[in-house]
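*Asks:* For reference, the structure I am asking about is given below.
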Amino acid sequence: MEEINNLKVGIISDGKYGERAFENIKRKFDTIWITVPDLPSNLMLDDEIETDIPLCDIYISYVRHPDIILQLAELQKPLILGVLPGFGLYEQAKGINSKVVHAPTMCSLESNTGIKQIDLFTSFYGNPIYETKIDQNGVIEEISVKRSSLCGSSEAGANFLIKKQLSEENLQNKLIKKKD
């Protein structure tokens, strides 16, 4: 598996989403910000849009235009779709490039895709994992983030819980979504 220092991550955005993820991810990986045109998603394109996409090991797309998403799939590199205009588009992109993944939320990405670059990336970012130390009275003494959300909110939630009573309310409101 590739060394973390060698994994180059390209965050691709049309300018609307991705800034927080970029700021967080660049702390661990060699990460570059890539912009593409911001086009209305209902605009039908007759020709490919000129994009200047530098070579990366993995791309995370926050692009909203379907034609540009398909162009990114054509790069034949591991691609995480952070914004998905529709499930049919995901299936179409996956038909072009088997290394395209999408999760219901970026905070539900797991390290189980079988795509080495994505699994390496999601061992650090995706569905948050915490390690805690709780005293005998149920107060959280320490909490560390072992896998972070892409936007970095998992760290903020963890910091909030230090010296707080372990309770369902604290966990649901500050850290974890309630499971049915």
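Residues -18 to 161 (the working numbering) are what the sequence shown spells out, left to right. C-beta atoms are modelled at their ideal positions from N, C-alpha and C, and glycine is treated no differently.
Rounded to whole angstroms, what is the Cα-Cα separation between Gly(-4) and Ile41?
*Replies:* In a straight line, the C-alpha of Gly(-4) is about 14 angstroms away from that of Ile41.
*Asks:* Under 7 angstroms, do Ala139 and Ile124 count as touching if we go by C-beta distance?
*Replies:* Going by C-beta atoms, Ala139 is nearer than 7 angstroms to Ile124.
*Asks:* Sort Leu56, Lys97, Cys37, Leu20 by Cα distance to Asn78 and report the nearest one.
*Replies:* Ranking Leu56, Lys97, Cys37, Leu20 by Cα distance to Asn78 puts Leu56 first.
*Asks:* So, helix, strand or coil for Lys162, using DSSP?
*Replies:* Residue 162 cannot be examined here, being either before or after the span of the chain that is shown, -18 to 161.
*Asks:* Checking the sheet assignment: what are the DSSP bridge partners for Lys(-11)?
*Replies:* Looking at the DSSP assignment, Lys(-11) forms a beta bridge with Asp11.
*Asks:* Where do the ends of the beta strand (DSSP E) carrying Lys114 lie?
*Replies:* Per DSSP, Lys114 belongs to the beta strand (DSSP E) from 110 to 115.
*Asks:* Note down the Cα distance separating Ala74 from Lys127, rounded to an integer number of angstroms.
*Replies:* Between Ala74 and Lys127, the C-alpha separation is close to 31 angstroms.
*Asks:* Since Ile162 and Ile15 are thought to touch, with beta carbons under 8 angstroms apart, how far apart are those beta carbons, to the nearest angstrom?
*Replies:* The requested residue 162 does not occur in the structure, where the chain is confined to residues -18 to 161.
*Asks:* Which stretch, first to last residue, makes up the beta strand (DSSP E) that contains Leu36?
*Replies:* Counting along the chain, Leu36 falls outside any beta strand (DSSP E), and DSSP gives it neither H nor E.
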